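Novice:
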Amino acid sequence: NSALPQSNGNSTIQNANVTLHDSPIVGDVNISQNNAEDIAAAMVLALERIGFSGQSSPAELTPSQEAEVEQVLEMSEQLASHGIEIDPWTEITLGNAAKLAGRTHSAQQNYLRALETFRKNGDREGEAYSLLGLGNIADTRGDLAEAERLYRESLAIKREIGDREGEAASLNNLGNIAQT
Numbered sequence: 018n019s020a021l022p023q024s025n026g027n028s029t030i031q032n033a034n035v036t037l038h039d040s041p042i043v044g045d046v047n048i049s050q051n052n053a054e055d056i057a058a059a060m061v062l063a064l065e066r067i068g069f070s071g072q073s074s075p076a077e078l079t080p081s082q083e084a085e086v087e088q089v090l091e092m093s094e095q096l097a098s099h100g101i102e103i104d105p106w107t108e109i110t111l112g113n114a115a116k117l118a119g120r121t122h123s124a125q126q127n128y129l130r131a132l133e134t135f136r137k138n139g140d141r142e143g144e145a146y147s148l149l150g151l152g153n154i155a156d157t158r159g160d161l162a163e164a165e166r167l168y169r170e171s172l173a174i175k176r177e178i179g180d181r182e183g184e185a186a187s188l189n190n191l192g193n194i195a196q197t
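Given below as structure tokens:
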């Protein structure tokens, strides 16, 4: 992890031909990263400043926060297009940010990449969370049958691993589908 200096303005993250500008606070900071892990860490820090942390997200985005999320998503898409694998929990955070910014296709891609990595690594908790995110995307798109299928798959894993809070979230989403 790289420590980013506190500043009061625009920051720039560069890797080869890729540049990310953010403007969360005030001042100027130039940071040159020479590896994907540092870039991913900087993306996570930018999202944390907006309110994305762990599995929580802000309720809504201001226009400047939405612009910052767009820049972070653009960077993540460029990394993915170069075959650079991002930590699957970072992919989940990126998916949550993309969904909140109304970019459901990007969110779906983030959740799918996370799901693939979690399955490869045998991380059942991550797998269930990815499925929940994918279910939310299907629900948003009005594909209730697919949303229900994904929520049920997530629920089965949550029960298997004894995650009662995750089980409740899956049941809540299934209840919303039934109500709709």
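18 is the number of the first residue of the sequence shown in the working numbering; add one for each residue after it.
We treat Cβ as the ideally placed atom computed from N, Cα and C, and that holds for glycine.
Note that the coordinates shown come from a computational prediction; the quantities given were computed from them, not determined experimentally.
Note down, in chain order, each residue of its chain lying with its Cβ closer than 7 Å to the Cβ of A155, except the 5 sequence neighbours on either side.
Specialist: Cβ within range, chain order: E163, A164, L167.
Novice: CB F69 to CB T121, shorter than 9 Å?
Specialist: Contact flag unset, no.
Novice: With DSSP run on the structure shown, which of helix, strand or coil describes S81?
Specialist: S81: helix per DSSP, three-state reduction.
Novice: The alpha helix (DSSP H) with F135 in it runs from where to where?
Specialist: F135 -> alpha helix (DSSP H) spans 121-138.
Novice: Taking C-alpha atoms, which residue in N189, K137, V61 lies nearest to N153?
Specialist: Checking every option, the nearest Cα to that of N153 belongs to N189.
Novice: Report buried or exposed for A143, applying the criterion of at least 16 other Cβ atoms within 10 angstroms of its Cβ.
Specialist: The displayed chain sequence assigns Gly, not Ala, to residue 143. It is buried - the Cβ of G143 has at least 16 other Cβ atoms within 10 Å.
Novice: Within 10 Å of its beta-carbon, does Q125 have 16 or more other beta-carbons around it, so buried, or fewer, so exposed?
Specialist: Q125 is buried by the Cβ-count criterion.
Novice: How would you call K137, buried or exposed, if buried means at least 16 neighbouring beta carbons within 10 angstroms?
Specialist: Exposed: under 16 other Cβ atoms inside 10 Å.
Novice: Please return the same chain residues whose Cβ sits closer than 7 Å to the Cβ of F135, not counting the five positions on each side in sequence.
Specialist: P105, G143, E144, S147, listed in sequence order.
Novice: Between R181 and L151, what straight-line distance do the alpha-carbon atoms span, to the nearest angstrom?
Specialist: Rounded to the nearest angstrom, the two C-alpha atoms are 20 Å apart.
Novice: CA-CA distance, I103 and E170?
Specialist: Rounded to whole angstroms, I103 to E170 spans 24 Å at the Cα level.
Novice: If you measure between the beta carbons of V86 and A53, is that distance less than 9 Å?
Specialist: No, these two residues do not count as a Cβ contact at 9 Å.
Novice: According to DSSP, simplified to helix, strand and coil, what is S74?
Specialist: Three-state result, S74: coil.
Novice: Does the distance from the C-beta atom of T107 to that of A185 stay below 9 Å?
Specialist: It is not a contact, given that the beta carbons lie outside the stated cut-off.
Novice: So is N127 buried or exposed if we call it buried at 16+ other beta carbons inside 10 Å?
Specialist: Buried, because 16 or more other Cβ atoms sit within 10 Å of the Cβ of N127.
Novice: Check R158 in the structure and name its three-state DSSP category.
Specialist: It is coil, neither helix nor strand.
Novice: Count the other C-beta atoms from every protein chain shown that fall within 10 angstroms of the C-beta of R158, then say buried if there are 16 or more, exposed otherwise.
Specialist: Answer is exposed; the Cβ neighbour count stays below 16.
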